[in-house]
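Okay, so the sequence shown: first residue is 394 according to this note's numbering, each after it adds one. Note that beta-carbon positions come from the ideal geometry of N, C-alpha and C, so glycine has one too. A quick write-up on the structure given underneath.
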Amino acid sequence: MITLPGLREGAIIPVNLNGSLDANGQWQNIYSSQSIVLDGDSGRQDALVTLQWPSAAVIGDETLSYTSYGYWGDDINIDGQASSGTAGIFAYGQATDPARIPTSGTATFDGVVVGSSGNAYAGGGLYLDYVTGTAQFRFDFGAGTLAGEMNPSVCPWECYSLGTYQFVQTVLGVGSNSFSGSFAIDGVEVPSWFEGNFNGPDASELMARWKAPFTYPSTTEGGQMAGIIVAKKK
Numbered sequence: 394m395i396t397l398p399g400l401r402e403g404a405i406i407p408v409n410l411n412g413s414l415d416a417n418g419q420w421q422n423i424y425s426s427q428s429i430v431l432d433g434d435s436g437r438q439d440a441l442v443t444l445q446w447p448s449a450a451v452i453g454d455e456t457l458s459y460t461s462y463g464y465w466g467d468d469i470n471i472d473g474q475a476s477s478g479t480a481g482i483f484a485y486g487q488a489t490d491p492a493r494i495p496t497s498g499t500a501t502f503d504g505v506v507v508g509s510s511g512n513a514y515a516g517g518g519l520y521l522d523y524v525t526g527t528a529q530f531r532f533d534f535g536a537g538t539l540a541g542e543m544n545p546s547v548c549p550w551e552c553y554s555l556g557t558y559q560f561v562q563t564v565l566g567v568g569s570n571s572f573s574g575s576f577a578i579d580g581v582e583v584p585s586w587f588e589g590n591f592n593g594p595d596a597s598e599l600m601a602r603w604k605a606p607f608t609y610p611s612t613t614e615g616g617q618m619a620g621i622i623v624a625k626k627k
């Protein structure tokens with residue numbers, strides 16, 4: 394089941410796979426699937442969901458097992474109309490049982506950033522650009538502390554590094570399966586937030602969502618960006 398903004402909760406039914414076929418016509422190396430969203434038992438809602446499979450979410454030389462992300466947007470097959478631009482990105486995964494969250498020791502998680510930006514360009518207009526990047530989370534489970542940073546790039550036609558967004562005002566309770574915080578740029582906290590939780594039987598992966606402002610390097614143009622982070626313990 395999935396609930397998307399402006400839509401009712403509904404089951405998702407795969408209608409297409411992305412991967413390759415073997416000599417017998419069987420699917421292999423599947424990296425994503427596209428699904429429709431049901432409305433009740435037989436109706437269909439105006440959304441198409443693309444799920445990246447965990448094995449396709451690559452972090453360095455590693456792949457994920459319990460966490461990944463997906464996209465959703467208008468399903469133009471409903472009425473044949475062009476997309477209205479309503480779309481989003483989300484992370485999904487198998488949450489860690491709170492009883493399995495470490496209460497001592499430290500751990501570092503490396504992750505990837507995926508998102509989009511709403512950019513207010515000079516002369517008016519609002520455009521959505523792809524956001525990519527890396528992130529690192531450093532947990533002290535015994536002390537209940539979290540440090541780290543996000544290094545995003547915004548990609549209107551080529552990618553521009555936005556620098557380092559340091560984690561500040563972080564919250565991590567001892568034995569808790571959730572964490573949160575905000576960002577600072579060049580030591581100055583900005584209106585922003587992130588929140589997430591651990592995934593996998595031993596809290597070996599995590600997912601988070603976030604929102605923050607940005608400005609293009611050497612300009613005054615920018616806007617808001619938002620997205621997700623998926624990460625794996627080193």
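Ignore the nearest five residues each way along the sequence and tell me which others in residue i's own chain have a CB closer than 8 Å to its CB.
i      : result
Tyr665 : No answer is possible for residue 665: the residues shown for the chain start at 394 and end at 627.
Arg437 : Ile429, Val430, Leu431, Asp468 and Ile471
Lys627 : Ala500, Thr501, Phe502 and Asp503
Gln617 : Ser510, Gly511, Lys604, Ala605, Pro606 and Phe607
Trp420 : Leu410, Gly412, Ser413 and Leu414
Glu582 : Val561, Gln562, Ser575 and Phe576
What's the C-alpha gap between residue i and residue j?
i      : j      : result
Glu402 : Gly589 : 22 Å
Tyr523 : Asn570 : 29 Å
Glu614 : Ala404 : 40 Å
Ala449 : Asp490 : 24 Å
Ala416 : Pro407 : 23 Å
Leu414 : Thr525 : 30 Å
Gly593 : Leu410 : 25 Å
Lys604 : Gly418 : 43 Å
Tyr558 : Asp434 : 45 Å
Phe560 : Ala528 : 10 Å
Phe587 : Val547 : 18 Å
Ala492 : Gly568 : 8 Å
Gly535 : Glu542 : 21 Å
Leu555 : Phe530 : 18 Å
Cys552 : Pro545 : 10 Å
Val507 : Arg602 : 10 Å
Phe483 : Val505 : 13 Å
Pro495 : Gln427 : 35 Å
Gly453 : Phe572 : 24 Å
Thr612 : Ala619 : 20 Å
Let me confirm a value: residue i is counted as buried when at least 16 other C-beta atoms fall within 10 Å, else exposed. Which label applies?
i      : result
Asp439 : buried
Pro610 : exposed
Phe423 : For the sequence presented, residue 423 should be read as Ile rather than Phe. Per the 10 Å Cβ criterion, exposed.
Trp550 : exposed
Ala596 : buried
Ser585 : buried
Gly580 : exposed
Gly375 : With the chain represented from 394 up to 627, any question about residue 375 goes unanswered, as that position is not in the structure.
Ala515 : In this prediction, Ala515 scores a pLDDT of 48, lower than 50, which makes its location untrustworthy; no coordinate-derived value is stated.
Report all residues from its chain with a CB closer than 7 Å to the CB of residue i; omit the five preceding and five following residues, and keep chain order.
i      : result
Leu457 : Pro447, Ala450, Glu598, Val623 and Lys625
Phe532 : Thr499, Ala500, Leu539 and Leu565
Ala425 : Per the sequence shown, residue 425 should be read as Ser rather than Ala. Asn411, Thr443, Leu444, Gln445, Trp446 and Ala449, listed in sequence order.
Gln487 : Tyr459, Asn592 and Gly593
Ile621 : Tyr462, Ile482, Phe483, Ala484, Val507, Gly508, Met600, Ala601 and Arg602
Gly537 : Leu565, Gly566 and Val567
In chain order, what residues of the same chain have a beta carbon less than 6 Å from the beta carbon of residue i, not counting five sequence neighbours either side?
i      : result
Trp465 : Leu397, Ala440, Val442 and Gly481
Ile395 : Ile405
Gln562 : Gly574 and Ser575
Glu455 : Lys625
Thr479 : Asp467
Less than 8 Å separating the Cβ of residue i from some heavy atom of the ligand PLP?
i      : result
Ile423 : Within the structure as shown, the ligand PLP is missing, as the structure has no ligands at all.
Enumerate, from N- to C-terminal direction, the unbroken beta strand (DSSP E) stretches of 3 or more residues contained entirely within the stretch 529 to 583. 538 to 548, 558 to 565 and 571 to 578
On the three-pair Cβ rule with 8 Å, is the stretch 487 to 502 touching the stretch 576 to 588? no
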